[in-house]
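For reference, the structure discussed in these notes is given below.
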Amino acid sequence: MKILITGKPRAGKTTLLKKICEKLKNQGLKINGFFTGEIREKGKRVGFFVENLKGEKEIFAHINIKSEFKVGKYGVNISALEKIGIPEIENAIKNKNLLLVDEIGKMELFSEKFKESVKTAFDSEIQIIATISISPHPFIKEIKKRKDVKIFEVNEKKREYLLRKIPELIKK
Numbered sequence: 270m271k272i273l274i275t276g277k278p279r280a281g282k283t284t285l286l287k288k289i290c291e292k293l294k295n296q297g298l299k300i301n302g303f304f305t306g307e308i309r310e311k312g313k314r315v316g317f318f319v320e321n322l323k324g325e326k327e328i329f330a331h332i333n334i335k336s337e338f339k340v341g342k343y344g345v346n347i348s349a350l351e352k353i354g355i356p357e358i359e360n361a362i363k364n365k366n367l368l369l370v371d372e373i374g375k376m377e378l379f380s381e382k383f384k385e386s387v388k389t390a391f392d393s394e395i396q397i398i399a400t401i402s403i404s405p406h407p408f409i410k411e412i413k414k415r416k417d418v419k420i421f422e423v424n425e426k427k428r429e430y431l432l433r434k435i436p437e438l439i440k441k
């Protein structure tokens, strides 16, 4: 089963994925993956971090990062994603664990290595739950068009339903 969670920015995709992760961990599933989150200073978002399930964390994007890769005011540090995210993808494939990816979005897609790893994971037999941007990026369109994926759009009304439904779809 390959599941994509999509929705507008701030719809709760990451929060839903984290809750699903906890639920599945409590059921004894072996899981690899990573989450992204906001870095806030004085109540304002100044960047994003990437963190794996072991708690290893790197700054992924920040207003003070000078980079050729930018999304809005944020410079993107693709090496942070490659250091934290790619080993999680590779370990999930190697160990046939459930893979959680947060997220397949604009910032992440600056990394060719990340795209290759995601494609390899989706071509493998492992189960995946990933959040994915609503952006019309060609790579995102390609992943969404796959016949082996089920796409759920999260919004306030569907959050609790999806928290029940998605774990039910994951095979033990």
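For any residue, its number in our numbering is found by taking its place in the sequence shown, counting from 1, and adding 269.
No residue lacks a Cβ here, since even glycine has one placed at the ideal position from N, Cα and C.
Asked: Range covered by the alpha helix (DSSP H) that runs through Ala361; Found: 347-364
Asked: Whole-angstrom distance between Leu368 and Gly312, CA atom to CA atom; Found: 32 Å
Asked: Entirely enclosed alpha helix (DSSP H) segments - the stretch 302-333, minimum 4 residues; Found: none
Asked: Sheet register partners of Glu422 (DSSP bridge); Found: Thr275
Asked: Cβ pair Leu285, Leu431 closer than 7 Å; Found: yes
Asked: Inter-residue Cα distance where the pair is Phe317 and Glu437; Found: 31 Å
Asked: Residue range of the unbroken beta strand (DSSP E) whose run includes Glu372; Found: 367-373
Asked: Straight-line gap, Glu411 to Lys339 (C-alpha atoms, nearest Å); Found: 23 Å
Asked: Which residues DSSP lists as bridging Ala280, in chain order; Found: Note: Ala280 sits in no beta bridge, so no partner.
Asked: Opening and closing residue of the beta strand (DSSP E) in which Ile398 lies; Found: 397-401
Asked: Sub-7 Å separation of Val315 and Ile332 beta-carbons; Found: yes
Asked: DSSP-derived helix/strand/coil call for Lys292; Found: helix
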